[in-house]
Amino acid sequence: MGPEPMKLLRGQDAAPLGNVLAAPAVTKVPAPVLEEDVADMFRAHILPFFRFVFGVPIYDRDWVDLADVPSPDIHRHQVLFIGGDVALPPSMSAGMDRIVPHLTRHLVKEASHWVTVEAHDEVNQLILAWLANVVLPRSSAQL
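Each residue of the sequence shown is one higher than the one before, counting from 1 in UniProt numbering.
See the structure below:
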């Protein structure tokens, strides 16, 4: 039998998801990532597409596509999560390691949703350290 997302998530506290728009108090707002003319283009041409797509249940296809994949194989590999989004505080990912057992998490301070752009040097160092200390030793041990 394939993945059973509802069974996997049963009993998990879903309350934080209801507060996605209630971001914590921000003491320092990061500089805008986009220039105003680029933001205007995004609002005019790209945002309407996202409003359409997010209304379509495309994500439900994952469960259908993975129906024949044995559940343990889905998250047997190492997973790296790097975040820094004020709208998604670390508390929202509390308990993620119960569902993703080989999870390594890092929070990049002073960054927002675009953490890979705003803190690219730190993100690259985190990825390199994770590969060297978590992924490569595990791969060598399995050879």
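Glycine included, each C-beta is placed from N, C-alpha and C at the ideal position.
Here the structure is a predicted model, which means the values were calculated and not measured.
7 Å CB neighbourhood of I82 in its chain, flanking five on each side removed: Numbered from 1 along the sequence shown, position 82 holds the residue referred to as residue 82. Cβ within range, chain order: H106, V108, V115, V123, L126.
Look at the alpha carbon of Q102 and the alpha carbon of S112, and state the distance between them as a whole number of angstroms. The residue given as residue 102 occupies position 102 in the sequence shown. The residue given as residue 112 occupies position 112 in the sequence shown. It is His, not Gln, that sits at residue 102 in the sequence shown. The alpha-carbon atoms of H102 and S112 are separated by roughly 25 Å.
Would you mind working out which of H77, A87, S91 sits nearest L131, comparing C-alpha positions? Locating residue 131 in the sequence shown gives position 131, counting from the first residue. Nearest C-alpha to L131: H77.
Tell me which same chain residues have a C-beta within less than 6 Å of the C-beta of D97, skipping the five on either side of it? Here residue 97 is taken as the residue at index 97 of the sequence shown, counted from 1. Around D97: L103.
Residue from S93, A94, V79 with nearest C-alpha to P134: Walking along the sequence shown from the start, residue 134 turns up at place 134. It should be noted that the sequence gives Val, not Pro, for residue 134. Residue V79 is the option with its Cα nearest to V134.
Distance check for E110 and P137, CA to CA, integer angstroms please. Taking the sequence shown and counting its residues from 1, the one referred to as residue 137 is at position 137. Taking the sequence shown and counting its residues from 1, the one referred to as residue 110 is at position 110. Using only the alpha carbons, I get a separation of about 31 Å.
Could you have a look at H113 and say whether DSSP puts it in helix, strand or coil? Numbered from its first residue, the sequence shown carries residue 113 at position 113. Three-state result, H113: coil.
Using 10 angstroms around the beta-carbon of A44, count the other beta-carbons present and answer buried if the total reaches 16, otherwise exposed. As a first step, residue 44 is located in the sequence shown; it is residue number 44 there, counting from the start. Label assigned to A44: exposed.
Work out the CA separation of D65 and L47 for me, nearest whole Å. For the purposes of this step, residue 47 is taken as the residue at position 47 of the sequence shown. For the purposes of this step, residue 65 is taken as the residue at position 65 of the sequence shown. Approximately 27 Å, taken between the alpha carbons.
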